[in-house]
Amino acid sequence: MKLKKIKAPDAIVLIFILLIIISILTYIIPAGQYDRYIDNAIGREMVNPESYHSVENTPISLWNLLMSVPKGLDQAASIINFLFIIGGAFGILQSTGALDAFINKCVKKLQGRERLVIPFFLIFWALGGSILGNFEECLAFIPMQIMLCLALGFDSIVGLALGLCGVCVGYMGAIMNAFTIGIAQQIAGLPIYSGMGFRLIVWSVMLIAAIVYIWNYAGKIKKDPTKSLMYYEDLNSKFREQQIEDINFQRRHKLVLFIFLIGIIIIIFGVIKYGFYITEMGAVFVGLSVIMGLVGGLKLNGTVEAFIKGCHNLLYACMCVGFARALTIVMTDGKMLDVIVHSATYLLNGLPNLIKAPSMFIVQSIINILIPSGSGQAVVTMPIMVPIADVIGITRQTAVLAFQMGDGITNLFTPTSASLMAGLAIAGISWGKWMKWFGKLFLIWIIIGIIACMIATGINYGPF
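Here the sequence shown stands for residues 549 to 1012, where the numbers follow this note's numbering.
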């Protein structure tokens, strides 16, 4: 008798199962919390590491569990709005025919050298993540990357990984990421962006591992498409259906893409010069949408129709973001986050010197599952990790290194990561299939992180 193949749960189903489990745990795990205060020097709420104390349990009722979903959608409104807008913008770009024409031209130019797109996109996003703090921004390019990869003979996993793995490397390396390394070093009292040379080495090794891993996978499915984990799904993919076999790259298409490029340059300049984030980037995409639609010959009504169609394509992704945020709400309202942070950091005491930093890295990775925000995790864990580092005899810079790698590495693993769940939803890839593909690279990155922490301990990575 044949056993039925177990199908991986839908992303929203998986998140809702986790919501139920966490809600039940709020009745079982004794509650506790740290006191918070405002540090005027950096203008952020901080945790007093000596203040942990027991508090009355606040179990999550069925009503509060249900309420967490609309609350999550409300708190994630900026990301959801951004996703809708970039979905609409790409809907317009697609409707003008410019994207199809560009991809068709790329396919011809890259004949026999298709895998060169892998280092190009990975390096681009790894630099963006490590210097500019890009993460959600890569979601805007996932449709184009998947369309290009399918046309080149790869699959949707490669298209998604080019963006997500790139920005993840950027966060793990965090050369000059103001949202993670900047805040963490401020809290630790370290010179801002100090220790950059060692982080650059970590960034490079993580990047090379990703390039080799994706390069080999892409080459395997290029030779035999049935080796793809998404073979059957990609046969009827909406991204494949949208591709046009042969289309001339007309002057109108070039002008539309030029306008799109100008918009991206404006966003990059705005991020560097004026601190643009999701709302400002969304505003640029709104302007781009109007101009691209009119220049592309869609007229006003056609532009609106294409925009709405593009928004519809990202509806599921937006719901995933809201549900993922609901997980954080349930853990916070149930007073579980501080309990887990306290318990995890307590385990670090008494460990041998060589494994103290790697253990701190593993602890930070676990905490990142619960607090997927890099800056949010920094202000919760670094005030605790810094005195622990002082007591157990490792440098503060090593503690920051453990934080930055732990913050980045589980972003592509945990269902609490809104960016991951949105990316999977855009690509139409289940969390189970993603983990089946990503699992080996995840372990490789873990090993690299552990070795980096050991080396940092051995060299007294500093200045202190």
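Note that CB positions come from ideal geometry on N, CA and C, so glycine has one too.
Legend entry - Residues sharing a beta bridge with residue 636, DSSP: Bridge partners of residue 636: none, in fact.
Inset, instruction - Go through the stretch 846–924 residue by residue and report every complete run of the beta strand (DSSP E) that reaches 3 residues or more, in order. - result: Secondary structure remark: continuous beta strand (DSSP E) runs of at least 3 residues inside the stretch 846–924: none found.
Inset, instruction - Output the distance between the C-alpha atoms of residue 781 and residue 773, rounded to the nearest integer angstrom. - result: In a straight line, the C-alpha of residue 781 is about 12 Å away from that of residue 773.
Legend entry - residue 785 (DSSP reduced to helix, strand or coil): Residue 785 falls in the coil class under three-state DSSP.
Legend entry - Rounded straight-line distance, which links the Cα of residue 986 to that of residue 767: When rounded, the distance between both Cα atoms is 16 Å.
Inset, instruction - State yes or no: is the C-beta of residue 785 within less than 8 Å of the C-beta of residue 708? - result: A distance of 8 Å or more separates the beta carbons of residue 785 and residue 708.
Legend entry - Separation of residue 916 from residue 517, as counted between CA atoms: No answer is possible for residue 517: the residues shown for the chain start at 549 and end at 1012.
Legend entry - Among 716, 616, 683, nearest to residue 867 - alpha-carbon criterion: Among 716, 616, 683, the Cα nearest to that of residue 867 is on 616.
Legend entry - Contact set for residue 865: own chain, Cβ-Cβ below 7 Å, skip 5 residues either direction: Within the same chain, 631, 970, 973, 974 come within 7 Å of residue 865 by CB-CB distance, once the 5 residues on both sides are set aside.
Legend entry - C-alpha distance - residue 792 paired with residue 653, whole-angstrom precision: In this prediction, residue 792 scores a pLDDT of 47, lower than 50, which makes its location untrustworthy; the coordinate-derived value is nonetheless stated afterwards. Near 11 Å, if we compare the C-alpha coordinates of residue 653 and residue 792.
Inset, instruction - Please report the residue range of the alpha helix (DSSP H) in which residue 1020 lies. - result: Beyond the ends of the chain as shown, which are 549 and 1012, falls residue 1020; an answer cannot be given.
Inset, instruction - In angstroms with no decimal places, state the Cα-to-Cα distance between residue 1008 and residue 730. - result: Roughly 20 Å between the two C-alpha positions.
Inset, instruction - Taking all protein chains shown into account, decide if residue 747 is buried (16 or more other Cβ within 10 angstroms of its Cβ) or exposed. - result: By the neighbour-count rule (16 or more Cβ atoms within 10 Å), residue 747 is buried.
Legend entry - Per DSSP, the bridge partner or partners of residue 580: Residue 580 is bridged to 602.
Inset, instruction - Report the three-state DSSP secondary structure of residue 791 (helix, strand or coil). - result: Since pLDDT at residue 791 reaches only 49, below the 50 mark, its modelled position is unreliable, and no value is offered.
Inset, instruction - Quick one: grab the DSSP three-state call for residue 739. - result: In the three-state DSSP reduction, residue 739 falls in the coil class, being neither helix nor strand.
Legend entry - Status (buried if at least 16 other CB within 10 Å, exposed otherwise) for residue 855: By the neighbour-count criterion, in which 16 or more other beta carbons inside 10 Å mark a residue as buried, residue 855 falls on the buried side.
Legend entry - Endpoints, the alpha helix (DSSP H) within which residue 1008 is located: That residue, residue 1008, is in no alpha helix (DSSP H); it is neither H nor E in DSSP.
Legend entry - Simplified DSSP assignment, three categories, for residue 837: Helix, per DSSP.
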